[in-house]
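Below is one structure, written out as structure tokens; comments come after it.
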Ligand SMILES: Nc1nc2c(ncn2[C@@H]2O[C@H](COP(=O)(O)OP(=O)(O)O)[C@@H](O)[C@H]2O)c(=O)[nH]1
Ligand SMILES: [Mg+2]
């Protein structure tokens, strides 16, 4: 999936430079994802290599279940996936390793695909659009904002960053560094300021300067979790008051290496703020990848973006088919 397909509301006339860039990226996309996913995909494929596919037995299904659970897929989702695989294998007489893993990858891809394909898009159709970024400290919020702003700028949607993580002085500095790397504007105040006030200024600035997308960084930890959730709710209200219907996106950032703990974080945030999508980061690290499936299955929130490294280019739109193939299949499929 290409970047220009990841957004709702882009002009169909893309800057030439962005298109060129995407052409380059499309080449070897699959191999690159595989490479980027590193251990995340590797661990699961490795695990499957140890399974002998020499006959459809209960033991085979148990081994597949074990591999999925080990990869953070979660018990409920695993049971559902393996039951489906068993059913389809029986109906269609699938027996070989290639047939079974191929089907497993298809089942997972289906499961990861929202019923409405538009649901996975990031809405930047309003002028300005507001994207609120939330999540626990250290998950990769600020880094993701830098990477997302980079892509938006490339696609001709001028971003403006708002440093509403005022709790830590370093957080404002870090976001400012990303802004200068991307070459976009940032609205900030002194550390300790009221985040709602910074957001108010940010939206006013975006309006007067004609910025297309306002991306709001937020704190990931306060003195208590209740404080944090109250603050996020207040920030939301300030945004909504200035622009009815905003924020147009609330992206929850989750560190994939935290496994099932990431799922619990997601639950807490989803209950307090209206999360419209998940950004799953650090899939290039020691993550086992299956958490993508657990989040989609158990929370029903679409995964919109994945982080696969620390560089500006290391954010990608989430593509269920591509992702499932990278998790389960060894061979590069024809056509990619
Ligand atoms: N390997 C890797 N590191 C990441 C990724 N995203 C963020 N990081 C790193 O995670 C750390 C915390 O990121 P930061 O953006 O400061 O998190 P925040 O506290 O949520 O704002 C930094 O060292 C980032 O470089 C990713 O996709 N892959
Ligand atoms: Mg931060």
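Residue numbers (the numbering used here): 6 to 341. All residues carry an ideal CB built from backbone N, CA and C; glycine is no exception. None of these values were measured; they are calculated from a predicted model.
Exposure of residue i, with buried meaning 16 or more beta-carbon neighbours within 10 Å
{"i": "residue 145", "result": "buried"}
{"i": "residue 110", "result": "buried"}
{"i": "residue 32", "result": "Confidence at residue 32 is low in this model, with a pLDDT of 47, below 50, so the placement of that residue is unreliable and no value is reported for it."}
{"i": "residue 228", "result": "exposed"}
{"i": "residue 57", "result": "exposed"}
{"i": "residue 152", "result": "buried"}
{"i": "residue 402", "result": "The requested residue 402 does not occur in the structure, where the chain is confined to residues 6 to 341."}
{"i": "residue 174", "result": "exposed"}
{"i": "residue 324", "result": "buried"}
{"i": "residue 159", "result": "buried"}
{"i": "residue 134", "result": "buried"}
{"i": "residue 335", "result": "exposed"}
{"i": "residue 63", "result": "exposed"}
{"i": "residue 287", "result": "buried"}
{"i": "residue 214", "result": "exposed"}
{"i": "residue 103", "result": "exposed"}
{"i": "residue 115", "result": "exposed"}
{"i": "residue 222", "result": "buried"}
{"i": "residue 148", "result": "buried"}
{"i": "residue 305", "result": "exposed"}
{"i": "residue 231", "result": "exposed"}
{"i": "residue 122", "result": "exposed"}
{"i": "residue 60", "result": "exposed"}
{"i": "residue 242", "result": "exposed"}
{"i": "residue 238", "result": "exposed"}
{"i": "residue 289", "result": "buried"}
{"i": "residue 80", "result": "exposed"}
{"i": "residue 330", "result": "buried"}
{"i": "residue 260", "result": "buried"}
{"i": "residue 120", "result": "exposed"}
{"i": "residue 236", "result": "buried"}
{"i": "residue 281", "result": "buried"}
Helix, strand or coil at residue i according to DSSP, with G and I counted as helix
{"i": "residue 359", "result": "With the chain running from 6 to 341 in the structure shown, residue 359 is simply not present."}
{"i": "residue 116", "result": "helix"}
{"i": "residue 165", "result": "strand"}
{"i": "residue 218", "result": "strand"}
{"i": "residue 322", "result": "strand"}
{"i": "residue 7", "result": "coil"}
{"i": "residue 123", "result": "helix"}
{"i": "residue 206", "result": "helix"}
{"i": "residue 335", "result": "coil"}
{"i": "residue 170", "result": "coil"}
{"i": "residue 199", "result": "coil"}
{"i": "residue 103", "result": "helix"}
{"i": "residue 330", "result": "helix"}
Host beta strand (DSSP E) of residue i (start-end)
{"i": "residue 312", "result": "308-312"}
{"i": "residue 136", "result": "134-139"}
{"i": "residue 96", "result": "Segment 80-97 is the alpha helix (DSSP H) holding residue 96; no beta strand (DSSP E) there."}
{"i": "residue 190", "result": "190-192"}
Limits of the unbroken alpha helix (DSSP H) element including residue i
{"i": "residue 148", "result": "146-159"}
{"i": "residue 185", "result": "174-187"}
{"i": "residue 243", "result": "230-247"}
Secondary structure, beta strand (DSSP E): runs of 3+ residues fully inside the segment 43-74: none
Runs of alpha helix (DSSP H) lying entirely within the segment 250-301, each at least 4 residues, in chain order: 265-277
Given 8 Å, three or more beta-carbon pairs between the segment 192-204 and the segment 159-168: yes
Cβ pair count under 8 Å reaching 3, the segment 306-314 against the segment 78-97: At 8 Å Cβ cutoff, the stretches do not touch.
contact_flag[the segment 249-256, the segment 124-141] where n(CB pairs < 8 Å) is 3 or more: yes
Three-pair Cβ contact test at 8 Å for the segment 232-249 versus the segment 204-213: yes
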